[in-house]
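Undergrad: My structure is below; once you've seen it, I'll send some questions.
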Amino acid sequence: MRFSDTLLRQVRDRVSIADYAGKRLTWDKRKSRPSAGDYWACCPFHQEKSPSFHVLDQKGIFNCFGCGEKGDVFTLAMKLEGLNFPEAVEKIAEYAGVPLPKDDVEDRGQDDRRKRLLAITAHTAKLYKDALRSSGGADARKYLQSRGISAEVCEQFGIGLAPDEWTWTLDKLKAEGYSIDEIIDAGVAREGFEGKPPIDTFRGRVTFEIHDTSGKVIGFGGRALAKDAKAKYINSPESALYSKSRVLYRLKQARELLARTKAPGLVVGEGYLDVIAFERAGIAAVAPCGTAPQPLC
(Lines of atoms letter the chains of each structure in order from A and count residues from 1; the text may use other names and numbers.)
(Lines give C-alpha, C1' and ligand atoms only; values in the text may rest on other atoms or scores of the structure.)
Protein backbone atom coordinates (compact mmCIF):
# COMPACT_ATOMS: atom_id res chain seq x y z
CA MET A 1 0.00 0.00 0.00
CA ARG A 2 1.26 3.48 -0.90
CA PHE A 3 0.58 6.52 1.28
CA SER A 4 0.53 10.11 0.12
CA ASP A 5 2.87 12.65 1.69
CA THR A 6 -0.18 14.59 2.83
CA LEU A 7 -1.56 11.60 4.70
CA LEU A 8 1.81 10.78 6.31
CA ARG A 9 2.17 14.40 7.43
CA GLN A 10 -1.37 14.35 8.82
CA VAL A 11 -0.65 11.23 10.87
CA ARG A 12 2.65 12.61 12.16
CA ASP A 13 1.02 15.87 13.18
CA ARG A 14 -1.73 14.08 15.10
CA VAL A 15 0.51 11.94 17.29
CA SER A 16 2.96 12.86 20.02
CA ILE A 17 6.12 10.81 19.53
CA ALA A 18 6.91 11.34 23.22
CA ASP A 19 3.52 9.97 24.23
CA TYR A 20 3.95 6.93 21.95
CA ALA A 21 7.54 6.27 23.06
CA GLY A 22 6.63 6.88 26.70
CA LYS A 23 4.45 3.80 26.72
CA ARG A 24 7.60 1.72 26.23
CA LEU A 25 10.25 3.88 27.92
CA THR A 26 10.85 5.51 31.28
CA TRP A 27 11.87 9.13 30.89
CA ASP A 28 14.85 10.37 32.87
CA LYS A 29 13.44 12.98 35.26
CA ARG A 30 16.75 14.83 35.68
CA LYS A 31 17.50 15.38 31.99
CA SER A 32 13.99 15.59 30.54
CA ARG A 33 12.10 18.88 30.23
CA PRO A 34 8.48 17.98 29.44
CA SER A 35 7.39 21.63 29.28
CA ALA A 36 9.79 22.10 26.37
CA GLY A 37 8.98 18.77 24.71
CA ASP A 38 12.50 17.54 25.46
CA TYR A 39 12.77 13.94 26.69
CA TRP A 40 15.63 11.58 27.53
CA ALA A 41 15.68 7.85 28.32
CA CYS A 42 17.95 4.83 28.15
CA CYS A 43 17.87 3.53 24.59
CA PRO A 44 15.61 0.56 23.86
CA PHE A 45 17.95 -0.57 21.08
CA HIS A 46 21.18 -1.08 23.02
CA GLN A 47 22.23 -1.59 26.62
CA GLU A 48 23.34 1.49 28.51
CA LYS A 49 23.31 2.94 32.02
CA SER A 50 23.12 6.65 31.17
CA PRO A 51 20.25 7.95 29.01
CA SER A 52 21.34 8.84 25.48
CA PHE A 53 17.99 8.34 23.71
CA HIS A 54 16.64 11.81 22.92
CA VAL A 55 13.12 12.75 21.78
CA LEU A 56 12.13 16.21 20.55
CA ASP A 57 8.37 16.08 20.71
CA GLN A 58 7.63 19.29 18.80
CA LYS A 59 9.76 18.14 15.88
CA GLY A 60 8.45 14.57 16.08
CA ILE A 61 11.89 12.95 15.98
CA PHE A 62 14.17 10.76 18.08
CA ASN A 63 17.93 10.29 18.10
CA CYS A 64 20.15 8.00 20.13
CA PHE A 65 23.60 9.48 20.70
CA GLY A 66 24.86 6.06 21.80
CA CYS A 67 24.00 3.74 18.91
CA GLY A 68 23.00 6.23 16.22
CA GLU A 69 19.39 5.11 15.73
CA LYS A 70 17.18 8.02 14.67
CA GLY A 71 14.02 8.88 12.80
CA ASP A 72 10.36 9.83 13.18
CA VAL A 73 7.43 8.10 14.85
CA PHE A 74 7.05 5.64 11.95
CA THR A 75 10.71 4.63 12.21
CA LEU A 76 10.31 4.22 15.95
CA ALA A 77 7.27 1.96 15.52
CA MET A 78 9.15 -0.13 12.96
CA LYS A 79 12.11 -0.63 15.27
CA LEU A 80 10.21 -1.07 18.54
CA GLU A 81 7.57 -3.44 17.22
CA GLY A 82 9.36 -5.13 14.32
CA LEU A 83 7.00 -3.75 11.66
CA ASN A 84 7.54 -2.88 8.02
CA PHE A 85 6.71 0.65 6.85
CA PRO A 86 3.05 0.09 5.79
CA GLU A 87 2.38 -1.76 9.03
CA ALA A 88 3.96 1.07 11.02
CA VAL A 89 1.83 3.68 9.24
CA GLU A 90 -1.32 1.65 9.94
CA LYS A 91 -0.30 1.20 13.58
CA ILE A 92 0.39 4.88 14.20
CA ALA A 93 -2.67 5.99 12.23
CA GLU A 94 -4.83 3.78 14.43
CA TYR A 95 -3.05 5.11 17.53
CA ALA A 96 -3.67 8.70 16.39
CA GLY A 97 -7.26 8.05 15.33
CA VAL A 98 -6.61 8.94 11.70
CA PRO A 99 -8.68 6.82 9.27
CA LEU A 100 -6.78 5.48 6.29
CA PRO A 101 -8.53 5.83 2.91
CA LYS A 102 -9.96 2.81 1.13
CA ASP A 103 -9.50 2.48 -2.61
CA ASP A 104 -13.07 1.56 -3.48
CA VAL A 105 -16.36 0.08 -2.30
CA GLU A 106 -15.15 -3.48 -2.90
CA ASP A 107 -12.15 -2.91 -0.65
CA ARG A 108 -14.40 -1.56 2.08
CA GLY A 109 -16.61 -4.63 1.82
CA GLN A 110 -13.60 -6.94 2.05
CA ASP A 111 -12.31 -4.97 5.02
CA ASP A 112 -15.65 -5.26 6.82
CA ARG A 113 -15.69 -8.99 6.15
CA ARG A 114 -12.13 -9.36 7.47
CA LYS A 115 -13.01 -7.45 10.64
CA ARG A 116 -15.95 -9.76 11.17
CA LEU A 117 -13.78 -12.86 10.79
CA LEU A 118 -11.11 -11.41 13.09
CA ALA A 119 -13.77 -10.80 15.70
CA ILE A 120 -14.69 -14.48 15.47
CA THR A 121 -11.10 -15.70 15.89
CA ALA A 122 -10.50 -13.27 18.77
CA HIS A 123 -13.65 -14.44 20.57
CA THR A 124 -12.78 -18.08 19.89
CA ALA A 125 -9.32 -17.53 21.42
CA LYS A 126 -11.00 -16.26 24.59
CA LEU A 127 -13.39 -19.22 24.64
CA TYR A 128 -10.49 -21.66 24.35
CA LYS A 129 -8.51 -19.98 27.12
CA ASP A 130 -11.55 -20.04 29.39
CA ALA A 131 -12.11 -23.72 28.57
CA LEU A 132 -8.53 -24.57 29.53
CA ARG A 133 -9.00 -22.91 32.92
CA SER A 134 -12.32 -24.68 33.55
CA SER A 135 -12.87 -27.98 35.36
CA GLY A 136 -13.13 -29.68 31.97
CA GLY A 137 -9.57 -28.61 31.13
CA ALA A 138 -7.88 -30.79 33.77
CA ASP A 139 -6.43 -33.33 31.31
CA ALA A 140 -5.15 -30.58 29.01
CA ARG A 141 -3.54 -28.75 31.93
CA LYS A 142 -1.91 -31.99 33.05
CA TYR A 143 -0.46 -32.53 29.58
CA LEU A 144 0.86 -28.97 29.41
CA GLN A 145 2.39 -29.22 32.87
CA SER A 146 4.19 -32.37 31.71
CA ARG A 147 5.75 -30.23 28.98
CA GLY A 148 6.78 -27.52 31.45
CA ILE A 149 3.97 -25.14 30.51
CA SER A 150 2.43 -23.33 33.49
CA ALA A 151 -0.84 -21.40 33.66
CA GLU A 152 1.12 -18.15 33.35
CA VAL A 153 2.84 -19.37 30.18
CA CYS A 154 -0.52 -20.43 28.74
CA GLU A 155 -1.83 -16.91 29.26
CA GLN A 156 1.29 -15.29 27.83
CA PHE A 157 1.35 -17.43 24.69
CA GLY A 158 -2.38 -17.73 24.05
CA ILE A 159 -2.70 -21.46 24.75
CA GLY A 160 -6.20 -22.84 25.19
CA LEU A 161 -8.42 -25.89 24.84
CA ALA A 162 -11.04 -26.78 22.26
CA PRO A 163 -13.39 -29.14 24.16
CA ASP A 164 -13.96 -32.61 22.74
CA GLU A 165 -17.51 -31.87 21.56
CA TRP A 166 -18.73 -31.83 17.98
CA THR A 167 -20.29 -28.34 17.98
CA TRP A 168 -19.10 -26.62 21.17
CA THR A 169 -17.36 -23.76 19.34
CA LEU A 170 -20.13 -23.46 16.77
CA ASP A 171 -22.82 -23.21 19.43
CA LYS A 172 -20.90 -20.60 21.44
CA LEU A 173 -20.28 -18.42 18.38
CA LYS A 174 -23.82 -18.74 17.01
CA ALA A 175 -25.06 -17.54 20.39
CA GLU A 176 -22.96 -14.39 19.83
CA GLY A 177 -24.77 -13.70 16.54
CA TYR A 178 -22.30 -15.10 14.02
CA SER A 179 -23.60 -17.13 11.09
CA ILE A 180 -22.47 -20.68 10.32
CA ASP A 181 -20.90 -19.47 7.05
CA GLU A 182 -18.87 -16.84 8.90
CA ILE A 183 -17.70 -19.36 11.51
CA ILE A 184 -16.58 -21.76 8.77
CA ASP A 185 -14.89 -18.95 6.84
CA ALA A 186 -12.96 -18.02 10.00
CA GLY A 187 -11.60 -21.58 10.11
CA VAL A 188 -12.88 -22.66 13.54
CA ALA A 189 -15.56 -24.96 12.08
CA ARG A 190 -15.80 -27.00 8.90
CA GLU A 191 -18.37 -28.75 6.78
CA GLY A 192 -19.50 -32.13 8.09
CA PHE A 193 -18.70 -35.40 6.36
CA GLU A 194 -20.88 -36.49 3.42
CA GLY A 195 -23.34 -33.63 3.73
CA LYS A 196 -23.74 -33.83 7.48
CA PRO A 197 -24.02 -30.61 9.60
CA PRO A 198 -20.86 -28.54 10.25
CA ILE A 199 -18.56 -29.51 13.12
CA ASP A 200 -15.80 -27.84 15.15
CA THR A 201 -12.32 -27.86 13.62
CA PHE A 202 -10.20 -28.30 16.76
CA ARG A 203 -12.32 -30.42 19.12
CA GLY A 204 -10.32 -32.35 21.72
CA ARG A 205 -7.13 -30.36 21.17
CA VAL A 206 -4.84 -27.98 22.99
CA THR A 207 -4.86 -24.82 20.89
CA PHE A 208 -2.11 -22.34 20.06
CA GLU A 209 -3.04 -18.88 18.79
CA ILE A 210 -1.48 -17.86 15.47
CA HIS A 211 -1.17 -14.10 14.94
CA ASP A 212 -0.56 -11.79 12.02
CA THR A 213 2.20 -9.18 12.18
CA SER A 214 -0.11 -6.74 13.97
CA GLY A 215 -0.87 -9.23 16.73
CA LYS A 216 -4.41 -10.20 15.70
CA VAL A 217 -5.47 -13.84 15.97
CA ILE A 218 -5.86 -15.22 12.45
CA GLY A 219 -5.87 -18.94 13.15
CA PHE A 220 -4.95 -21.75 15.50
CA GLY A 221 -2.75 -24.77 15.76
CA GLY A 222 -4.20 -27.75 17.58
CA ARG A 223 -2.43 -30.59 19.38
CA ALA A 224 -4.55 -33.70 19.92
CA LEU A 225 -4.95 -34.97 23.48
CA ALA A 226 -6.13 -38.43 22.39
CA LYS A 227 -3.24 -40.83 21.82
CA ASP A 228 -5.02 -42.53 18.93
CA ALA A 229 -5.73 -39.33 16.98
CA LYS A 230 -5.02 -39.70 13.26
CA ALA A 231 -3.21 -36.33 13.18
CA LYS A 232 -1.29 -35.18 16.24
CA TYR A 233 -1.20 -31.57 15.02
CA ILE A 234 -3.56 -29.67 12.72
CA ASN A 235 -3.73 -26.03 11.67
CA SER A 236 -6.56 -23.74 10.63
CA PRO A 237 -7.66 -24.31 7.03
CA GLU A 238 -6.78 -21.82 4.32
CA SER A 239 -9.02 -18.78 4.66
CA ALA A 240 -9.30 -15.06 4.01
CA LEU A 241 -7.30 -14.60 7.22
CA TYR A 242 -4.84 -17.47 7.19
CA SER A 243 -2.50 -18.97 4.61
CA LYS A 244 -0.22 -21.51 6.26
CA SER A 245 2.54 -21.19 3.67
CA ARG A 246 2.85 -17.46 4.36
CA VAL A 247 2.54 -17.44 8.15
CA LEU A 248 5.19 -18.06 10.78
CA TYR A 249 4.23 -18.84 14.37
CA ARG A 250 5.24 -16.00 16.76
CA LEU A 251 6.75 -13.85 13.98
CA LYS A 252 5.51 -10.58 15.50
CA GLN A 253 6.96 -11.47 18.89
CA ALA A 254 10.25 -12.61 17.33
CA ARG A 255 10.57 -9.29 15.49
CA GLU A 256 10.02 -7.37 18.72
CA LEU A 257 12.57 -9.50 20.57
CA LEU A 258 15.13 -9.01 17.81
CA ALA A 259 14.56 -5.26 17.91
CA ARG A 260 15.10 -5.17 21.67
CA THR A 261 18.10 -7.47 21.85
CA LYS A 262 19.88 -6.62 18.58
CA ALA A 263 20.44 -10.36 18.11
CA PRO A 264 22.01 -11.30 14.76
CA GLY A 265 19.13 -13.58 13.75
CA LEU A 266 16.39 -15.89 14.89
CA VAL A 267 15.88 -19.62 15.33
CA VAL A 268 13.42 -21.60 13.21
CA GLY A 269 11.91 -24.21 15.50
CA GLU A 270 10.10 -27.39 14.54
CA GLY A 271 6.87 -26.69 16.40
CA TYR A 272 4.93 -24.49 18.77
CA LEU A 273 6.40 -25.85 22.00
CA ASP A 274 9.95 -25.46 20.66
CA VAL A 275 9.32 -21.80 19.86
CA ILE A 276 7.78 -21.20 23.28
CA ALA A 277 10.85 -22.72 24.97
CA PHE A 278 13.24 -20.56 22.93
CA GLU A 279 11.26 -17.38 23.54
CA ARG A 280 11.08 -18.02 27.29
CA ALA A 281 14.87 -18.29 27.21
CA GLY A 282 15.13 -14.89 25.50
CA ILE A 283 15.86 -16.26 22.03
CA ALA A 284 13.84 -14.99 19.07
CA ALA A 285 12.23 -17.96 17.32
CA VAL A 286 9.50 -18.84 14.84
CA ALA A 287 8.02 -22.03 13.41
CA PRO A 288 6.49 -22.66 9.99
CA CYS A 289 2.79 -23.45 9.93
CA GLY A 290 3.13 -25.38 6.66
CA THR A 291 5.67 -27.69 5.11
CA ALA A 292 6.84 -25.21 2.46
CA PRO A 293 6.86 -21.61 3.72
CA GLN A 294 6.80 -18.93 1.02
CA PRO A 295 8.65 -15.58 1.07
CA LEU A 296 6.90 -13.07 3.36
CA CYS A 297 7.90 -9.94 1.50
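Just so we're aligned, residue 1 is where the sequence shown starts under the working numbering, counting upward by one. By construction, the Cβ of each residue, glycine as well, lies at the ideal position given by its N, Cα and C atoms. The structure presented is a predicted model; accordingly, all values stated were derived computationally and were not measured.
I'd like to confirm the pairing. Which residues does DSSP put opposite Ala307 in its beta bridges?
TA: Since the first and last residues shown for the chain are 1 and 297, residue 307 lies out of range.
Undergrad: Could you tell me which whole beta strand (DSSP E) segments of length 3 or greater appear in the segment 101-183?
TA: Here the runs fully enclosed are 159-162.
Undergrad: What's the C-alpha gap between Lys70 and Ala77?
TA: As a working note, residue 70 is residue 70 in the sequence shown. As a working note, residue 77 is residue 77 in the sequence shown. Their Cα atoms are separated by approximately 12 Å.
Undergrad: Pull up the distance between the alpha-carbon of Val105 and that of Asp139, whole angstroms please.
TA: For the purposes of this step, residue 105 is taken as the residue at position 105 of the sequence shown. For the purposes of this step, residue 139 is taken as the residue at position 139 of the sequence shown. Here the model assigns Val105 a pLDDT of 42, short of 50, so the residue's position is not dependable, and the following value carries that caveat. Looking at the two C-alpha atoms, the distance is approximately 48 Å.
Undergrad: So, helix, strand or coil for Arg14, using DSSP?
TA: In the sequence shown, the residue the question calls residue 14 occupies position 14. DSSP places Arg14 in helix when its eight states are reduced to three.
Undergrad: How about Gly160 and Lys129: do their beta carbons lie closer than 7 Å?
TA: Position 160 of the sequence shown holds residue 160. Position 129 of the sequence shown holds residue 129. Cβ atoms of Gly160 and Lys129: closer than 7 Å.
Undergrad: Taking the straight line between their C-alpha atoms, what separation do you get for Ser150 and Tyr233?
TA: Looking up residue 150 in the sequence shown gives position 150. Looking up residue 233 in the sequence shown gives position 233. Distance between the alpha carbons of Ser150 and Tyr233 is about 21 Å.
Undergrad: Short of 7 Å in beta carbon distance, which residues of its chain neighbour Asp13, apart from the five on each side in sequence? Order them along the chain.
TA: Mapped onto the sequence shown, residue 13 falls at position 13. Correct list: empty, nothing qualifies.
Undergrad: By the three-class DSSP mapping on this structure, what secondary structure does Asp5 have?
TA: For the purposes of this step, residue 5 is taken as residue 5 along the sequence shown, with counting starting at 1. The answer is helix: DSSP assigns Asp5 an H, G or I state.
Undergrad: Determine the burial state of Gln110: buried for a count of at least 16 other Cβ atoms within 10 Å of its Cβ, exposed for fewer.
TA: Counting from one through the sequence shown, the residue named residue 110 turns up at place 110. Exposed, since its Cβ has fewer than 16 Cβ neighbours within 10 Å.
Undergrad: Cα separation between Gly204 and Lys227?
TA: Along the sequence shown, read from residue 1 onward, the residue named residue 204 stands at position 204. Along the sequence shown, read from residue 1 onward, the residue named residue 227 stands at position 227. Taking the straight line joining both Cα atoms gives about 11 Å.
Undergrad: Give the straight-line distance between the Cα atoms of Leu100 and Ala93, rounded to the nearest whole angstrom.
TA: The residue labelled residue 100 in the question sits at position 100 within the sequence shown. The residue labelled residue 93 in the question sits at position 93 within the sequence shown. Each residue's Cα considered, the two are about 7 Å apart.
Undergrad: Determine the DSSP secondary structure at Gly271, reduced to helix, strand or coil.
TA: Here residue 271 refers to the residue found at position 271 when the sequence shown is read from its first residue. Residue state, collapsed to three classes: coil.
Undergrad: For Glu155, collect the residues of the same chain with a Cβ closer than 8 Å to its Cβ; drop the 5 residues on either side in sequence, then sort them by chain order.
TA: Here residue 155 corresponds to residue number 155 of the sequence shown, with the count starting at 1. Lys129.
Undergrad: Quick one: what's Asn84 bridged to in DSSP?
TA: As a first step, residue 84 must be located in the sequence shown, where it is residue number 84. DSSP lists no partner for Asn84.
Undergrad: Cβ of Glu81 within 7 Å of Cβ of Glu209?
TA: Within the sequence shown, residue 81 is the residue found at index 81, counting from 1. Within the sequence shown, residue 209 is the residue found at index 209, counting from 1. Cβ distance not < 7 Å, so Glu81 and Glu209 don't count as in contact.
Undergrad: Return the first residue and the last residue of the alpha helix (DSSP H) that Ala254 is part of.
TA: The residue labelled residue 254 in the question sits at position 254 within the sequence shown. Leu251 to Thr261 is the extent of the alpha helix (DSSP H) around Ala254.
Undergrad: Just to confirm my understanding: we take Ser4, look at its own chain, exclude 5 residues before and 5 after, and list those with CB closer than 7 Å. What are they?
TA: Numbered from its first residue, the sequence shown carries residue 4 at position 4. There are no such residues.
Undergrad: Take the Cβ of Asn63 as the centre, count every other Cβ of all protein chains shown within 10 Å, and call the residue buried at 16 or more, exposed below.
TA: Counting from one through the sequence shown, the residue named residue 63 turns up at place 63. Exposed, since its Cβ has fewer than 16 Cβ neighbours within 10 Å.
Undergrad: In whole angstroms, what separates the C-alpha of Ile61 from that of Asp19?
TA: Here the question's residue 61 lines up with position 61 in the sequence shown. Here the question's residue 19 lines up with position 19 in the sequence shown. Going from the Cα of Ile61 to the Cα of Asp19 covers about 12 Å.
Undergrad: Nearest to Val98 by CA position, among Pro197, Val15 and Arg280, is which residue?
TA: Counting from 1 along the sequence shown, the entry for residue 98 is found at position 98. Nearest option by C-alpha distance: Val15.
Undergrad: Using the Cα positions of Leu132 and Ser146, report the straight-line distance between them to the nearest angstrom.
TA: Here residue 132 is taken as the residue at index 132 of the sequence shown, counted from 1. Here residue 146 is taken as the residue at index 146 of the sequence shown, counted from 1. Computed Cα separation, rounded: 15 Å.
Undergrad: Can you name, in chain order, every residue of its own chain whose Cβ lies under 6 Å from the Cβ of Leu127, other than the five neighbours on each side?
TA: Against the sequence shown, residue 127 aligns to sequence position 127. Result list for Leu127: Lys172, in chain order.
Undergrad: With the cut-off set at 7 Å, would you say Phe65 and Ser52 are in Cβ contact?
TA: In the sequence shown, residue 65 corresponds to position 65, counting from 1. In the sequence shown, residue 52 corresponds to position 52, counting from 1. Going by C-beta atoms, Phe65 is nearer than 7 Å to Ser52.
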